[in-house]
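S.K.: Below is the structure I would like to discuss, written out as structure tokens.
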Amino acid sequence: MKLVIIGNGMVGYKFCEKLLTKTEAQKFDITVFGEETRPAYDRVHLSEYFAGKSADDLAMAPTDWYASHNIKLHLGDPVTHIDRENKQVTSHLGITLSYDYLVLATGSSAFVPPIPGVEKEGVFIYRTIEDLELMTAYAKKARKGAVIGGGLLGLEAAKAMIDLGITDTHVIEFAPRLMPRQIDEAGSKILQRKLESLGLKIFTNKNTSSIVGHPHISAMEFTDGSSIAVDMLVISAGIKPRDELARQCGLETGNRGGIVVNNHMQTSDPAIFAIGECALYKGMIYGLVAPGYAMADAAIAKIISLDTPSGDGGFTGYDMSTKLKLIGVDVASFGDPFISGDDCRTVVFEDTVKGIYKRINVSADGKHLLGGILIGDAEAYNMLLQTCKNKVVLPPNPEDVILGSRGGSEADAGAGVAGLPGDALICSCESITKDAICNAVTANGCETVDSIKKCTKAGTGCGGCVPMIKDLVLHTMKAQGKYVRNVLCEHFSYSRQELYDLVKLKQLTSYDEVLDTVGHGDGCEICKPAISSILASLWNDMILKKGNDTAQDSNDRYLANIQKGGTYSVVPRIPGGEITPDKLIVIGEVAKKYHLYTKITGGQRIDLFGAHLSDLPDIWSELIAGGFESGHAYGKALRTVKSCVGSTWCRFGLHDSVSFAIRIEERYRGLRAPHKLKSAVSGCIRECAEAQSKDFGIIATEKGWNLYVCGNGGSKPQHALLLATDLDSETCIQYIDRFLMFYIKTADPLTRTATWLNKMEGGINYLRNVVVNDSLGIAGQLEAEMQLLVDNYKCEWKEVVETPELRKRFNHFVNAPAEKDPTIAFDDMRGQKKAKW
Amino acid sequence: MNNTQVLHPAHEPDATKHSTGYHPSGDGGSWFAACAVHDVPDNGGVCVKYGEEQIALFKFSRRGEWYASQNLCPHKQQMALSRGMIGSHNSEPKVACPFHKKTFSLKTGECLSGDECSIKTYPVKIENDLVYIGITAGGND
Ligand SMILES: Cc1cc2nc3c(=O)[nH]c(=O)nc-3n(C[C@H](O)[C@H](O)[C@H](O)COP(=O)(O)OP(=O)(O)OC[C@H]3O[C@@H](n4cnc5c(N)ncnc54)[C@H](O)[C@@H]3O)c2cc1C
Ligand code: FES
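If you read the sequences in order, they're chains A and B.
Residue numbers for the first sequence follow the numbering used here, beginning at 1 and rising by one.
Residue numbers for the second sequence follow the numbering used here, beginning at 1 and rising by one.
Below you can see the structure in the form of structure tokens.
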């Protein structure tokens, strides 16, 4: 049976992948024609191309996947003619093939409105990797950008412009608000303000009348008589289904485009199917990938059982709820986001300072969720979507679902998944229901997300449902009466805190000893680094001591951070960010000699990238000779103590923040903890060192120092909380000793101080009682333990450099020590190198 | 598969004369002397150069076993498996890639983290304190 697929986009690819899982697949001789020169790639994440993803990263499957599954793939060769009478297709390069079934998965193209001047140089669309390559090349000479279209894709294109270095970018929207299809007026306002604060200029109610310039765009004119200077423009005004082949061979198409299909995705010719963004089902084009995948399922079901009488079933439409991140801002809408009137109540929560907007539409009786909008914080999206889709009865105060449970969030999340019906779709990419996941837990013994992924494929698509899967697994295990303990992994039935106490009590000093005494099996990548960290926190021995070396996380094992392509980065410690000119010269010389890329980090030090593994010991012996020591950037350890310039130079400075930062950094350098630790010292309340975003931060006051703890920057910023005020330097250090040791002893692996505190019963008050008021009576012990670690500190790199046996471990090839990894290669960028990969 | 991982009948390589090189194994493959036993850290890996190929070699001292696999992690094509941590999952020996911690069975090469990709594995044997990796003529799988 000959099956020809036209279009190798996301849906065309998924069709092949799904078909291959069926036993009937072997009956088919499959040929795919693709117009683009690349095999199908993940268009949804197209913008990540600008964030450094390569075309290969985005590929749905490598080219040899098709061959290895006996699929003939013709790329760069569009089908130009369909002969329905003889059931044949002809391609641009002249291939003619017969088919028994033909599948059109031609997708859509960008809709370009007929504005005079759209053909000028510097005007782009945003749909394919080719488009992005053209944009990248052109952006080098552009300074002012604009995007026509303030919808989902337009905003993504605007972000792409910013990523391309065009910080002066305008978004031009014809409608009165952004994303008019997904979100309401109030939500749009919040989103607009948030995007403007990130540097975008946004015009709504604006209609472009012409594009000016010769030969390339130089300005845009609008119907209201205004104009702006622009030298690069992306048009993102909607999509146009690619139905030209269908029209040409006389298949039924919609007035406004799209190939008409029934619920089995059959076109007006029953041997021809259409799926994805080119298909028009009940008057609707589904411009998202998940419905396209559902269409692929429906078409496959029909094709492999075509003989059986066609009943109901098949594709029945698709929920258009979406959640996405636009320029770092969460935006989600689900169900019916706009509904209003007598049958419904609307609850709105708005925080203009933080830029959060949440709206839910609830049935008049307050029982059911009908739809809603989330902007700025969409964490509740999965749960709300499920609640809405499955008509789960709402709590007595429906607003609880957006205002967050006040107290005990985990218990509530569990209760949330418990309330979902068995057929609730948890993973929409792979169509996996709650029942299927629970069943994998009860019948197949899956107790981790990984095993669920393997067993059911749930969570392997976009990954958005993984938190829910986690909750479901826990909930199901609890329901089975299984005692869910926070155990480290299959090799240790203890929590990290229990292990810490056991290791200390039994005076164990190596990973193997710990495994033999309190664990079982052979260990794994979870318990090895966790126990290595405990050992380091307890005894502060050289971490590469024989027997412990291979139990370290790879970065710790090589005392450097592994980077893309397999090279390493080197970060010498620069306490407090203070460095002499001579030492700067040493870094410069080392970087030149070993051909390293140099960059100043956010932590006020210098990162040297692109070092070959085998060069590391030589690089470090030169750095050490120049007076440097390890910066522990590779370890779950103290990173940097940032400082502002302080009273020595700054006219506002109250105390000498630099000296204090150096003292703190030197005290805690090399300190291993459950996760990395960052700190900062600011010389006055202007807070130039950003101490309140650190694990522990210190700010000078008239009378001494204020100590803040458990702040976090990064992806989940959290303000540090004030632990104690107006401390003298000695007391401040005493409190930090206690705080850090308490964290090290009690936190779960890979838990930052902020998360640790969030989970702590009693929160900051409890912590203050332990650290300041010594409520547990352990303050003296904590200080003594910290002092032991401080006294035992040695520079790890110095030991490696001086020990030939350890140096040997840094060769890439065991049987060719002099050779470097030949697969490592570099490209040039702005006069330095970058990983070619 | 037994503990010493000898899949092919040994051809008695004369290890003292050939510290590196090929040894026919009798069934179309050959044994390649990679390094000395003590060159590999306990419960860890090293990377072996075999012509243009890179092979990750692991000494699983805890189990008294040796394993070898391709060094390239199929997840994001990183030459890194030899620098990964080894361990077990339900007693199946495995290696975790240092990049994103995808884990692979050292016996079958199957990905244990739910991904579709897999790695090629090679037989290993020890003779006279030398480690030999078995290279099959047509590749392993
Ligand atoms: C920047 C961007 C962001 C997006 N973000 C999201 C998102 O967050 N969530 C979401 O759900 N969706 C998103 N989408 C939409 C999603 O990418 C599409 O819904 C999906 O790609 C549709 O798949 P498809 O296979 O139908 O079409 P396509 O992926 O467009 O594939 C069609 C392929 O067919 C080829 N073709 C056309 N005619 C022929 C011919 N005659 N012969 C041979 N080949 C032909 C085309 O060249 C193309 O390669 C986004 C799209 C873009 C552009
Ligand atoms: S590259 Fe190996 S896990 Fe991603």
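For glycine and all other residues, C-beta sits at the position ideal for the given N, C-alpha and C.
Only a predicted model underlies this, so the values are computations on that prediction, with no experimental measurement involved.
#1: Below 6 angstroms CB to CB, which residues in the same chain sit around GLU92/B once its five sequence neighbours on both sides are set aside?
#2: In whole angstroms, what separates the C-alpha of ARG181/A from that of LYS678/A?
#3: Tell me, please, which residues DSSP counts as bridged to GLN350/A.
#4: Under 8 angstroms by Cβ, that's how I've got CYS795/A and GLU665/A pegged, so tell me the actual separation to the nearest angstrom.
#5: Write down the C-beta distance between LYS194/A and GLY355/A rounded to the nearest angstrom, noting that I regard them as a contact closer than 8 angstroms.
#6: Run through chain A and tell me which residues come within less than 7 angstroms of CYS35/B, C-beta to C-beta.
#7: Closer than 8 angstroms, CB to CB, is CYS524/A near chain B or not?
#8: My assumption, with CB atoms under 8 angstroms, is that LEU608/A sits in contact with LEU596/A. Please give the rounded CB distance.
#9: Given that THR751/A touches chain B, what residues does it touch there, using C-beta distances under 8 angstroms?
#10: Going by the C-beta, is PRO155/A closer than 7 angstroms to any heavy atom of ligand 1?
#11: With which residues is LEU102/A paired in a DSSP beta bridge?
#12: Does GLY619/A get closer than 8 angstroms to chain B when you measure Cβ to Cβ?
#13: Using a beta-carbon distance below 8 angstroms, is SER614/A in contact with chain B?
#14: When you measure from the CB of ILE235/A to every non-hydrogen atom of ligand 1, does any distance come out below 7 angstroms?
#15: Reducing DSSP to helix, strand and coil, say where ASN758/A ends up.
#16: At 8 angstroms on the CB atoms, spell out the chain A contacts of HIS100/B, in chain order.
#17: Could you check if MET786/A is buried or exposed, using at least 16 other CB atoms within 10 Å of its CB as the buried criterion?
#18: Is the CB of VAL40/B under 8 angstroms away from at least one CB in chain A?
#19: May I ask you to list, following chain order, the residues of the segment 538 to 566 of chain A that have a beta carbon less than 9 angstroms from some beta carbon of chain B?
#20: For the candidate residues SER108/A, ALA380/A, GLY576/A, whose alpha-carbon lies nearest to that of ARG639/A?
#21: Run through DSSP, which three-state label would ASN811/A get?
#22: Tell me which residues of the segment 75 to 94 of chain B have at least one Cβ-Cβ distance to chain A shorter than 9 angstroms, keeping chain order.
#23: Using a 10 Å radius around the Cβ and a threshold of 16 neighbouring Cβ atoms, would you call ASP307/A buried or exposed?
#24: Does THR167/A have its Cβ less than 8 angstroms from a Cβ in chain B?
#25: Taking GLU130/A as the reference, which of SER210/A, ARG38/A, ARG84/A has the closest Cα?
#26: With DSSP run on the structure shown, which of helix, strand or coil describes GLN26/A?
#27: Would you verify that the beta carbon of ASN43/B is, or is not, closer than 8 angstroms to some beta carbon of chain A?
#28: Can you name the residues of chain B whose CB is closer than 9 angstroms to the CB of GLU819/A?
#29: Give a yes or no on whether the C-beta atoms belonging to ALA68/B and ILE86/B are separated by under 8 angstroms.
#30: What separation, rounded to the nearest whole angstrom, lies between the Cα atoms of HIS475/A and VAL417/A?
#31: Which value, in whole angstroms, describes the spacing of the CA atoms of ASP827/A and SER82/B?
#32: Could you work out which residue in LEU654/A, SER218/A, THR567/A is closest to ALA611/A when comparing CA atoms only?
#33: As an exercise, report each continuous beta strand (DSSP E) stretch of at least 3 residues that is fully enclosed by the segment 192 to 273 of chain A, in chain order.
#34: Under a Cβ-count criterion, where at least 16 other Cβ atoms within 10 Å of its own Cβ denotes burial, should GLU53/B be classed as buried or exposed?
#35: So with CB distances below 9 angstroms, who are the chain A contacts of ALA56/B?
#36: Could you name the residues of chain B that THR63/A contacts, counting a contact when the two beta carbons are closer than 8 angstroms?
M.R.: The answer reads as follows:
#1: SER105
#2: 43 angstroms
#3: Checking the displayed sequence, the identity of residue 350/A turns out to be Glu instead of Gln. Answer is TYR357/A, bridged to GLU350/A.
#4: Between GLU665/A and CYS795/A the Cβ distance is about 14 angstroms, and since that is not below 8 angstroms, they are no contact.
#5: 4 angstroms
#6: VAL814, ASN815
#7: yes
#8: 4 angstroms
#9: What THR751/A touches in chain B: nothing, since even the nearest Cβ is about 17 angstroms away.
#10: Contrary to the premise, residue 155/A reads as Leu rather than Pro in this sequence. No; taking the cut-off as 7 angstroms, the Cβ of LEU155/A has no heavy atom of ligand 1 nearer than that.
#11: VAL4/A, ILE272/A
#12: Correcting the residue identity first, residue 619/A is Ile in this sequence and not Gly. No, ILE619/A lies away from the interface with chain B (no Cβ there is under 8 angstroms from its Cβ).
#13: no
#14: no
#15: helix
#16: Under the 8 angstroms cutoff, chain A gives no residues; its nearest Cβ is about 11 angstroms from HIS100/B.
#17: buried
#18: yes
#19: LYS546, GLY547, ASP549, THR550, ALA551, GLN552, ASP553, SER554, ASN555, ARG557, TYR558, ILE562, LYS564, GLY565, GLY566
#20: GLY576/A
#21: coil
#22: LYS76, GLN77, GLN78, MET79, ALA80, SER82, ARG83, GLY84, MET85, ILE86, GLY87, SER88, HIS89, ASN90, SER91, PRO93, LYS94
#23: At ASP307/A, the pLDDT of 48 sits below 50, so the modelled position is not reliable; the number obtained from the coordinates is stated separately. Result: exposed.
#24: no
#25: ARG38/A
#26: helix
#27: yes
#28: LYS49
#29: no
#30: 8 angstroms
#31: 25 angstroms
#32: THR567/A
#33: 201 to 203, 208 to 212, 219 to 222, 227 to 229, 232 to 235, 239 to 241, 259 to 261
#34: exposed
#35: Ordered by position in chain A, no residue passes the 9 angstroms Cβ test against ALA56/B, which lies about 10 angstroms from the chain.
#36: Result: empty, since nearest Cβ-Cβ is about 14 angstroms, beyond 8 angstroms.
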